[in-house]
Each structure stands twice: as C-alpha cells, then as structure tokens.
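>
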Amino acid sequence: MKVELAEAYKKTELGQEAESLLMPCVQCGQCTFTCPTFRLTNDEWDGPRGRIYLIKQFLEGKEPGLDLLPPAYTLKTLEGRTLEQNLQLHLDRCLTCRSCETSCPQDVHYGRLLDIGRELVEKEVPRPFKERLMRRMLRSVVAHRRGFSTLLRLGQTFRRILPGELRSMVPEQRKAGFWPRQERPRKMLIWQGCVQPALAPDINAAAARVLDRFGIELIPTAEGCCGALSQHMAETEEARDFMRKNIDAIWPHIEQGAEAIVLTASGCGMQFREYGELLKDDPLYREKARRISMLTRDIAEVVGEEWDSKASTGSSDKPEKPVRRIAFQSSCSLQHGEKLNGVTEKLLKQAGFKLVPVSYPFMCCGAAGTYSILQRAFSKSLRAMKLKSLLASRPETIATANIGCLTHLSAVSPIPVRHWIELVDEKLENKQ
C-alpha cells in the first residue's frame with residue numbers, strides 16, 4: 100500500500116513506523132471474515148481492512164473516500180463524523196484479538212498499527228468527560244491489585260442483594276488450594292498479575308502443583324499490571340511505566356538464575372512477549388526488556404515440554420473416573436497473539452479429557468480486557484455467539500487460558516468455566 104504521510108507525521112518515529120506497517124497491506128480483505136466485530140455489524144469500518152484504511156487516511160490528512168472496496172462488499176456511511184472521530188470510534192470497537200493477523204497472507208502487524216493509531220488519534224479527539232472519567236477509574240482500580248481486590252470482596256459480600264444485571268458482573272468467590280513449599284533445583288518465576296489473584300486465586304497455585312511434579316519450583320513475583328490495560332487505552336507512557344516497574348521487580352530473580360517467566364494469563368503473556376519491542380527506544384531498559392521477552396513462557400509451553408506420562412500420571416491402579424467432556428475456548432491472546440494454537444488442546448487430551456468440537460474457534464468471546472465494560476453491547480453479543488458454539492456439543496465444562504475470558508463467560512454460562520491448568524492438576528492428583 101502506498102502511503103504519503105502528512106507533514107505532521109513525516110519526521111516522527113510513530114509516523115514512520117506506521118508507514119512501514121501499512122505498506123505490506125494490499126487491502127485484499129482476507130482478514131475481514133475472521134474479524135468478530137465485522138461479523139457482528141457487517142460494516143467494513145468495523146473490520147481490519149476498513150480500520151487500516153482509516154488509519155492511512157488519518158496519517159495522510161485526507162478524508163476517506165467511498166472507493167475503498169470492491170462493489171460486492173457493503174460499505175456503510177460514515178454518518179457525518181470527521182475522519183478523526185470515525186477513526187476513534189472504530190478503533191475503540193476493535194477487540195485487539197489479532198485474529199486478522201493470523202489470517203493475513205502479507206503478515207501485516209495490525210496489533211502494533213492499532214496501538215499507534217489509538218495513541219495518535221487520542222491526542223486529536225478529546226473525549227467527553229464521562230468517558231475520560233470511566234477510563235481513568237478503570238486504570239486506577241483494575242490495574243492495581245489491592246484496590247481491585249478490596250472492591251471485588253465488597254461486591255461479593257453484597258452480591259445476593261444486587262440487581263440482576265449488576266450481580267452478573269460480580270463473580271462468585273473462588274478458593275485457592277495449597278502452594279507446594281518443597282525446594283526444587285530448577286526454578287521458574289510466575290507472574291501474579293493484577294486481577295487474577297483476586298478473581299481465581301487457585302490458577303497459579305495449580306500451575307505450581309503441576310510443575311512441582313516435574314521437579315520445577317515456581318516462585319511468585321511481585322503482583323501488578325503487565326501494562327496491557329494502559330497500552331490498549333492509548334496511555335502509552337503509563338504502560339511503559341508499568342513495564343519498567345515489572346522489569347525492576349523481576350530482574351533480581353533472573354540474575355539469580357531463574358529459567359523462565361511463566362504466565363497463566365495469556366493476555367499478560369502476549370504483553371510480556373512484546374516488552375522488548377515496546378521499550379526498544381529506552382536506553383536504560385531495552386536490553387532487560389528484550390531478555391524478559393525471551394524468557395516469557397506460557398504455562399502450556401512449559402508443561403508441554405516437561406510432560407512425561409510415567410512421571411506425571413504415576414502408576415496408580417485407581418480406577419479412572421468417566422472421561423469428562425471439555426469444550427476448550429482458545430483465548431485470542433493464546434492463539435493469535437502468542438501463536439500457541441493447539442498446544443493446550445494436546446495437553447488436555449494427554450491428561451485424558453474428551454475435547455468436543457467447537458465451531459468458529461477463532462472467534463473472540465468479547466472479554467478483551469476492559470472491552471466488556473467500555474463496549475458492553477458488542478461484548479455481550481459476542482459472548483452469546485461464543486457460548487452458543489461452545490455449548491453446541493454438550494460439554495460438561497468449558498476450559499480456557501485467560502482470566503478475562505474465564506470471568507466473562509462464567510457470568511452467564513450454565514456450566515462451569517475453568518482454567519485448563521486447574522483441570523489438569525485435578526486429573527493428575529486423582530491418578531496418583
């Protein structure tokens with residue numbers, strides 16, 4: 100794609116980076132039908148191709164024309180808004196699921212282009228006071244574990260008397276199991292995160308119990324936000340501050356020989372893998388950030404490499420319980436961001452679960468961090484579509500790999516929604 104940057108962006112780093120990201124795109128539309136929001140609205144501006152076109156026109160300082168697409172496609176009007184207003188609207192509606200990246204034949208890095216577009220347009224289009232207040236409140240509460248945990252416990256205490264709609268937004272309290280205390284020669288770090296310890300405290304403990312069977316000790320690191328929440332809300336410097344703080348907390352453990360940084364929330368894992376790129380212009384942190392990204396591992400990768408049927412399942416003669424039917428919801432960050440599609444599914448099968456077929460597995464559930472709060476109508480529609488496909492084969496449990504998906508689906512699911520590592524941990528415990 101030919102790009103002619105406006106004077107305002109010609110000599111800026113973001114403008115030049117955006118130009119290099121736009122150039123490989125040939126506007127073929129291969130990404131369009133794997134985009135959840137396009138499938139929901141049937142509006143090209145709510146698909147990757149339309150959003151990329153709007154970013155291009157914004158960087159060139161031109162109003163969008165209606166000659167973008169082949170005649171066979173439906174193109175809704177821009178409803179009289181300015182280019183900048185339209186760009187902000189349609190970038191806000193994007194889930195950042197990166198399904199388009201998986202289906203793109205040109206390897207366009209849409210996720211990074213999206214971040215740049217959001218950052219630049221945020222400076223051009225002031226948001227209404229209510230929007231600014233809501234976004235600041237979310238960043239002030241969700242990204243900080245103590246404040247979030249306090250409000251969550253308060254909501255859970257009074258959950259029974261809350262109105263139905265509000266009650267569904269407050270998840271029931273989940274209990275944590277034991278954390279192995281035996282020292283092991285091999286040590287890895289596990290990132291605690293911001294909301295997961297309060298929402299589902301047994302996920303990381305289950306990961307520690309599973310890896311303990313392989314002779315690996317998981318060491319909890321300081322909790323906090325990985326930076327993704329601020330990054331996706333165009334608060335770039337705030338995101339970078341989170342990343343620097345996290346590097347400072349993790350670095351002493353790396354110097355002491357920790358093998359890897361393990362994450363059980365694939366959304367955080369995707370962000371950690373990009374630390375090196377996002378801090379590449381920071382002379383004090385770029386080398387450390389690059390090292391952090393290299394050491395980042397999803398729990399599925401670690402378990403997959405360490406799996407040994409004799410060591411993990413034992414040789415007990417206990418009779419097997421009936422095989423449980425599992426529908427696996429592969430989170431977008433796992434399959435499109437971390438490119439680990441199929442890894443967890445293989446582990447669940449190895450553990451003895453029956454995986455039922457799920458149609459349209461590339462589709463997002465609508466959680467997407469704060470998207471479920473800021474874009475509630477879209478989010479609820481996507482969740483309904485996802486649950487329909489997950490429940491079609493009558494599973495007993497839904498398994499997932501990300502805390503956001505787990506919480507979002509649990510709010511309305513008629514069957515339990517669990518993190519897959521909890522299920523594997525229980526299965527291995529029963530076999531010993």
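Going by my numbering, the sequence shown opens with residue 100, and the numbers climb by one from there.
Note that CB positions come from ideal geometry on N, CA and C, so glycine has one too.
(1) Determine the direct distance from the alpha carbon of residue 390 to that of residue 93, and round the result to whole angstroms.
(2) Return the chain-ordered list of same chain residues with a C-beta closer than 7 Å to the C-beta of residue 193, the five sequence neighbours on each side being excluded.
(3) Please list the segments of the alpha helix (DSSP H) lying wholly inside the stretch 389-466, counting only runs of 4 or more residues, in order along the chain.
(4) Return the chain-ordered ranges of every alpha helix (DSSP H) run that is complete within the stretch 322-398 and spans a minimum of 4 residues.
(5) Run through DSSP, which three-state label would residue 317 get?
(6) Look at residue 287 and residue 328 and say whether their C-beta atoms are less than 8 Å apart.
(7) Could you tell me the distance, in whole angstroms, from the CA atom of residue 414 to the CA atom of residue 312?
(8) My output table needs one value for residue 517: the three-state DSSP class, helix, strand or coil.
(9) What's the gap between the Cα of residue 514 and the Cα of residue 485?
(10) Give the straight-line distance between the Cα atoms of residue 508 and residue 432, rounded to the nearest whole angstrom.
(11) State the DSSP-derived secondary structure class of residue 100, mapped to helix, strand or coil.
(12) Starting from residue 479, trace the beta strand (DSSP E) in both directions and tell me its first and last residue.
(13) Select from 108, 423, 237 the residue whose C-alpha is nearest the C-alpha of residue 473.
(14) Expressed to the nearest angstrom, what Euclidean distance is found between the alpha-carbon atoms of residue 306 and residue 363?
(15) Rounded C-beta distance between residue 160 and residue 105? I'm assuming under 8 Å.
(16) Run the CB neighbour count on residue 181, radius 10 Å, all protein chains shown included, and call it buried at 16 or more, exposed below.
(17) Of the choices 140, 339, 262, 216, whose alpha-carbon is the least far from that of residue 156?
(18) Where DSSP assigns a beta bridge to residue 288, which residues make up the other side?
(19) How would you call residue 173, buried or exposed, if buried means at least 16 neighbouring beta carbons within 10 angstroms?
(20) What are the partner residues of residue 498, as DSSP defines its beta bridges?
(21) Assign residue 303 to buried or exposed, taking buried as 16 or more other Cβ atoms, counted over all protein chains shown, within 10 Å of its Cβ.
(22) Out of 452, 482, 454, point me to the one whose CA is closest to residue 56's CA.
(23) How should residue 45 be labelled, buried or exposed, when 16 other C-beta atoms within 10 angstroms of its C-beta is the threshold for buried?
(24) Counting beta carbon pairs with one atom in the stretch 393-405 and one in the stretch 358-376, are three or more of them shorter than 8 Å?
(25) Could you give the uninterrupted runs of the beta strand (DSSP E) lying entirely in the stretch 249-273, keeping only those of 3 residues or more?
(26) For the putative contact between residue 426 and residue 489, defined by C-beta atoms under 8 Å, what is the C-beta separation to the nearest angstrom?
According to the structure shown:
(1) This structure cannot settle anything about residue 93, because the visible part of the chain is limited to 100 through 531.
(2) Closer than 7 Å at Cβ, skipping near neighbours: 136, 150, 213.
(3) You should have 398-405, 408-412, 442-449.
(4) 327-331, 335-354, 365-372, 374-377, 385-394
(5) strand
(6) no
(7) With a pLDDT of 41 at residue 414, under the threshold of 50, the modelled position of this residue cannot be trusted, and the question is left open.
(8) Judged by DSSP in its simplified three-state form, residue 517 adopts strand.
(9) 14 Å
(10) 16 Å
(11) Coil at residue 100, not helix or strand.
(12) Element bounds for residue 479: not the beta strand (DSSP E) but the alpha helix (DSSP H), 475-490.
(13) Per the Cα distances, 237.
(14) Separation of residue 306 and residue 363 (C-alpha to C-alpha, rounded to the nearest whole angstrom) is 8 Å.
(15) 4 Å
(16) exposed
(17) 216
(18) 318, 360
(19) Any reading at residue 173 needs caution, since the residue's pLDDT is 49, under 50, leaving its predicted position unreliable; the model's value is listed next. Burial call: exposed.
(20) 427, 517
(21) Buried: at least 16 other Cβ atoms inside 10 Å.
(22) Because the chain here runs from 100 to 531, residue 56 falls outside it and cannot be looked at.
(23) Look at the range of the chain in this structure, 100 to 531, and you will see that residue 45 is not part of it.
(24) In short, these stretches touch, since the Cβ pair count reaches three.
(25) none
(26) 5 Å
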